[in-house]
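Here the structure comes first, spelled out in structure tokens, and everything after it is commentary.
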Amino acid sequence: MTQDLPGIYRNYIACLNRQDWSRLGQFVDDDVSHNGRRIGLPGYREMLEQDFRDIPDLHFNIELLVSDASYVASRLAFNCSPKGRFLGLDVDGRRVAFAENVFYEFREGKIVQVWSVIDKAAIEAQLVKKA
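The sequence shown begins at 593 in the numbering used here and counts up by one.
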């Protein structure tokens, strides 16, 4: 059975942007791992909820999307204003633009593994310019 992983992924991103946590389990496996650490669906949901608390204007924008039968690779673009400290940096509500490169492994239409790297250097460069 062929799955439309790009379509599933776009629906997942829409779910995040709506903060529709009750539907997160339609896209994310109960035993999901993030950056090599098994956190399960409750831990994954808590991580995302915390992201939205830390960044009230958070919005996931798909800039690049590539997939095969089991994996999705995505470059997500952000232009937002994190409160206080973000990634160990004193952002304090200043608007910053950055990207996140993410790889997802899917099994039976659900995300089972996530590997994520945020371009922290891009944020640091903007904070130096604004200081």
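Idealized CB from N, CA, C, for every residue including glycine.
What span of residues does the alpha helix (DSSP H) with Ile600 cover, start to end?
597–610
Assuming contact is defined by CB atoms lying nearer than 8 Å, are Cys607 and Leu597 in contact in what I supplied?
no
Got a sec? Which residues, its chain only, sit under 7 Å from Ala669 by beta carbon, not counting five neighbours each side?
Asn653, Glu655, Ala691
Measuring alpha carbon to alpha carbon, tell me which residue in Ile647, Met639, Val704 is nearest Ser662.
Val704
Where DSSP assigns a beta bridge to Ile715, which residues make up the other side?
Paired residue(s): none; Ile715 is not in a bridge.
Comparing alpha-carbon positions, which option in Arg602, Ile600, Asp682, Ala689 lies nearest Asn671?
Ala689
Please report the distance separating the alpha-carbon of Val683 from that of Leu719.
7 Å
Pull up the DSSP beta-bridge partners for Ser666, would you.
Leu657, Val694
Going by C-alpha distance, which of Ala714, Glu697, Val709 is nearest Asp621?
Glu697
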